[in-house]
Amino acid sequence: MGCLALLCGDMPRAERLPRSALGAFRELGEINSNVLMGQAEQALSLVFQGDLGPVLRALRPRVRGLDARPAR
-13 MGCLALLCGD MPRAERLPRS ALGAFRELGE INSNVLMGQA EQALSLVFQG
37 DLGPVLRALR PRVRGLDARP AR
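In this text, residue positions in the sequence shown follow the numbering used here: the first is -13, and each later residue adds one.
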């Protein structure tokens, strides 16, 4: 749904929809292609709204954290 909202230009909805799903995955410590795509879509929706600050603050620790995780 978030991807569809992004493609249709509804940026506030595209940012809001994946938030709860991403939170659930974060609580489980799950990182997979769906999680990464959801994060990218959420970030793009904020960028398209001109709000870069939250994107940079949210992604910086996640990118650093991926470096430290052991390969599965």
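Ideal Cβ placement from N, Cα and C applies to all residues, glycine included.
Note that the structure is predicted; figures quoted are calculated from it, not measured.
- E13 is classed as exposed because its beta carbon has fewer than 16 other beta carbons within 10 Å across all chains shown.
- Boundaries of the alpha helix (DSSP H) harbouring G9: -3 to 14, taken from the DSSP string.
- Of the residues assessed, L8 falls on the buried side of the cut-off, its CB having 16 or more other CB atoms within 10 angstroms.
- Secondary structure of N18 (DSSP, three-state): coil.
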